[in-house]
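Q: Just add 45 to wherever you are in the sequence shown, counting from 1, and you've got the numbering used here. Take this structure first; my questions come after.
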Amino acid sequence: YWMLGVEQYVIDPEREYDKLSNKLGGTVIKIGPASDTYINIFDIREESIEENSGFLSAKLNKLKGFFSLVFEELNDEKYTILEEKIIKIYKDKEITFDDKSLYKEGVFKTSNEMPILEDLYNEFSDEDKYFKPKLNLFVNGSLSFFNKKTNVNLNNKLIIADIYELGEENLKLGMFIFTELFWDKIKKERTKDKAIYLDEIWRLIGVVSN
């Protein structure tokens, strides 16, 4: 596929593709405690738009899946509270349900103009006993590498998502983030041949399915 020019995106939970990627000139994105490459879960990408839905509406649907993994007992009442806070942090960045708000002088906003997990964390009071403690792990604790702006070039025809360092418990979070990212990449320029490889995907499916 690489020889044929097919764009390829790989989720690699067991660090099996790094050497292959280096040989072929691919991009390896490592997410973990020792990583210096980051993907912001709050990024809205221009190619992410879904049929019959706006940018922010589509993003909120995806974020519901992500936070259902973070807060394993996220019922409808609690998610309503969470979604209100998420809408607020986008609004603070001048991003609303009006798709035009994603453009500045005709150019789609970048990751640097998106909120991060710390913005959501700061929306909750110190008295909050449900959202605040868990989010603290992502802001001040061992998972703070999720609290970063995206800083990687995503234009390579071969991208490896190395989530080996996340460990078994947090592997599903990395899988979710990269599944969304790669799906957006697939939707961009649909006339080109592309492929996604989801290695060990049962680890994510087993968590979010019944």
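Each residue gets a CB set at the ideal place from its N, CA and C atoms; glycine is no exception.
Have a look at Ile205, Ile126, Thr224, Asp137 and flag the residue whose alpha-carbon is nearest the alpha-carbon of Lys177.
A: As a first step, residue 177 is located in the sequence shown; it is residue number 132 there, counting from the start. Out of Ile205, Ile126, Thr224, Asp137, Ile126 has the C-alpha closest to the C-alpha of Lys177.
Q: Could you check where the alpha helix (DSSP H) with Ile74 kicks off and where it finishes?
A: Working through the sequence shown from its first residue, we reach residue 74 at position 29. Run containing Ile74: none in the alpha helix (DSSP H); it sits in the beta strand (DSSP E), 72 to 75.
Q: Are there 16 or more other CB atoms within 10 angstroms of the CB of Val115, so buried, or fewer, so exposed?
A: Translated into the one-based positions of the sequence shown, residue 115 becomes position 70. It is buried - the Cβ of Val115 has at least 16 other Cβ atoms within 10 Å.
Q: Answer with buried or exposed for Asp207, where buried requires no fewer than 16 other C-beta atoms within 10 angstroms of its C-beta.
A: Mapped onto the sequence shown, residue 207 falls at position 162. The residue in question, Asp207, is buried, as its Cβ has 16 or more Cβ neighbours within 10 Å.
Q: Excluding five sequence neighbours on each side, which residues of the same chain lie with their C-beta closer than 8 Å to the C-beta of Ile246?
A: As a position in the sequence shown, residue 246 is number 201, starting the count at 1. So the qualifying residues of the chain are Ile56, Met220.
Q: On the three-state DSSP scale, how would you describe Ala103?
A: Reading the sequence shown from its first residue, position 58 is the one you call residue 103. Residue state, collapsed to three classes: helix.
Q: Figure out for me which residue from Asp173, Gly110, Ser170, Ile140 has the closest Cα to the Cα of Pro157.
A: Translated into positions along the sequence shown, residue 157 becomes position 112. First, the amino acid is wrong: residue 157 is Asn here, not Pro. Of Asp173, Gly110, Ser170, Ile140, the residue nearest in Cα terms is Ile140.
Q: Count the other CB atoms within 10 Å of the CB of Pro58; is the residue buried (16 or more) or exposed (fewer)?
A: Counting from 1 along the sequence shown, the entry for residue 58 is found at position 13. Under this definition Pro58 is a buried residue.
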